[in-house]
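Engineer: Converting from the sequence shown to our numbering requires adding 80 to each position, the first position being numbered 1. Glycine residues also receive a C-beta, built at the ideal position from the N, C-alpha and C atoms.
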Amino acid sequence: MYQNSIRSLFIIYYIFIRDFLDALLDKKLGYFAASLSFYTILSAIPIMIVIFYIFTLLPIFDDVYLYLRDMMINDFLPIGASKDMLLKLDKFLLNSNNNIGILGIIYVFLSSTIFFKNYDSIVNEIFRTKKRTLVKDIKVYWILIISVSLVVPLSCYLSMMIDGLIIDNMATTGVRLFYFLPYIMMWTLFFIAYKVSINKKVSTNSAFISSFISSGIWYIGKFIFVFVILHNEAYKNIYGSLSIILFFMFWIYISWAIFLRGLKLCYVLDRDKVINNIIE
């Protein structure tokens, strides 16, 4: 009996390691990330209009917007392009709060639908599940949009608040613990996405573990990415003001690559749990 338990344990861990390595090296995930990156860029402006509209309803909007705008201009743009980009950002925000017209609404709807349909088909491919009904699709889409609209600004606001306390020499041990709050917010976003995107009941433990790992990798990768940008002046000389577009596209691809591998890990954990129950 004891030997059978040890044997079952080794089988479970062997299957998990094998499947995890296969998931990590899966070439399809690279294609999926590229596809989602393309549709993200195609639908970025329409989705941002929806997110900005929800975002403007929050009381922290003005502070977070100024923080994000100044950070992007100071850290990512050449000095000569800063003023022009500032005017474009303010104009975009003004337009997003005004009536965009019937054609604008139609474009927002179509581009957002195309993006989410592509996302849904990729999730179904990874988890080998069937397509959802239209009602469930709409429900999932709005959960994801509202989650992003709430979590991302709140994460930025917490980062801004912590930076302000440290600059004012008010940092204590308790304040430094708040360093983890932005990560926890992103972890929550990953967890919600992994939990609601899949057209089947997924184990909470599987979504919890996979979202913890993938959001951690994403968060560390964000700091590495920003560090490389801030300490690499060559791209400004080569691409000029277009450098922000290049890095924006590259970061979108990296983000989707990390997210999808976390989703694949969630699939592996959830499937191996079933295998574990069968062996036991």
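Which residues in the same chain have their Cβ closer than 7 Å to the Cβ of K344, if we skip the five residues on either side of it in sequence?
Structural biologist: Residues A103, D106, L109 and I206 of the same chain have their beta carbon placed closer than 7 Å to that of K344, with the five preceding and five following residues left out of the count.
Engineer: In angstroms, rounded to a whole number, what distance separates the CA positions of F196 and V220?
Structural biologist: So the two alpha carbons sit approximately 10 Å from each other.
Engineer: Could you have a look at L340 and say whether DSSP puts it in helix, strand or coil?
Structural biologist: It is helical.
Engineer: Do the segment 286 to 298 and the segment 201 to 218 meet, that is, are 3 or more Cβ pairs less than 8 Å apart?
Structural biologist: no
Engineer: At the level of alpha carbons, what is the spacing between R351 and V188?
Structural biologist: Roughly 37 Å separates the two Cα atoms.
Engineer: Below 8 Å on the Cβ atoms is my contact criterion, and I expect K280 with T209 to pass it. Report the Cβ-Cβ distance as a whole number of Å.
Structural biologist: With 8 Å as the limit, K280 and T209 qualify as a contact, their Cβ atoms being about 5 Å apart.
Engineer: Can you give me the C-alpha to C-alpha distance between S295 and N312, rounded to a whole angstrom?
Structural biologist: 25 Å
Engineer: Could you tell me which whole alpha helix (DSSP H) segments of length 4 or greater appear in the segment 282 to 316?
Structural biologist: 284 to 310
Engineer: In three-state terms, what does DSSP make of K275?
Structural biologist: helix
Engineer: Taking S335 as the reference, which of S277, Y299, V282 and D200 has the closest Cα?
Structural biologist: Comparing alpha-carbon positions, the option among S277, Y299, V282 and D200 lying closest to S335 turns out to be Y299.
Engineer: Would you mind sorting F112 into buried or exposed? The rule is 16 or more other CB atoms within 10 Å of its CB.
Structural biologist: buried
Engineer: Alpha carbon to alpha carbon, how far is S277 from T120?
Structural biologist: 17 Å
Engineer: Taking the CB atoms as reference points, tell me whether L326 and Y319 lie closer together than 8 Å.
Structural biologist: yes
Engineer: Just to confirm, is the Cβ distance from S115 to N198 under 8 Å?
Structural biologist: yes
Engineer: Any idea what DSSP makes of R212, helix, strand or coil?
Structural biologist: coil
Engineer: Please determine, among F118, M266 and Y274, the residue with the shortest C-alpha to C-alpha distance to C346.
Structural biologist: Y274
Engineer: According to DSSP, is D217 helix, strand or coil?
Structural biologist: helix
Engineer: By DSSP, does L116 sit in helix, in strand, or in coil?
Structural biologist: helix
Engineer: Whole angstroms are fine: how far does the CA of F260 sit from the CA of W222?
Structural biologist: 27 Å
Engineer: Using alpha carbons as the reference points, say which of F339, F271 and I324 lies closest to G301.
Structural biologist: F339
Engineer: Less than 8 Å separating the beta-carbons of S227 and I272?
Structural biologist: yes
Engineer: Return the chain-ordered list of same chain residues with a C-beta closer than 8 Å to the C-beta of V368, the five sequence neighbours on each side being excluded.
Structural biologist: The chain is shown only over 81 to 360; residue 368 falls outside these bounds and no answer can be derived.
Engineer: Within its chain, find whatever has a CB closer than 8 Å to the CB of L322; leave out the 5 residues flanking it on each side and keep chain order.
Structural biologist: none
Engineer: Excluding the five sequence neighbours on either side, which residues of its own chain have a C-beta within less than 6 Å of the C-beta of S123, listed in chain order?
Structural biologist: S191, S192 and F195
Engineer: According to DSSP, is K107 part of a helix, a strand, or is it coil?
Structural biologist: Helix, per DSSP.
Engineer: Are the CB atoms of S117 and M265 within a distance shorter than 8 Å?
Structural biologist: Going by C-beta atoms, M265 is not nearer than 8 Å to S117.
Engineer: Taking all protein chains shown into account, decide if K307 is buried (16 or more other Cβ within 10 angstroms of its Cβ) or exposed.
Structural biologist: A quick correction: the sequence has Phe, not Lys, at residue 307. F307 should be labelled exposed.
Engineer: Answer yes or no: do W267 and F292 have a C-beta to C-beta separation smaller than 8 Å?
Structural biologist: It is a contact, given that the beta carbons lie within the stated cut-off.
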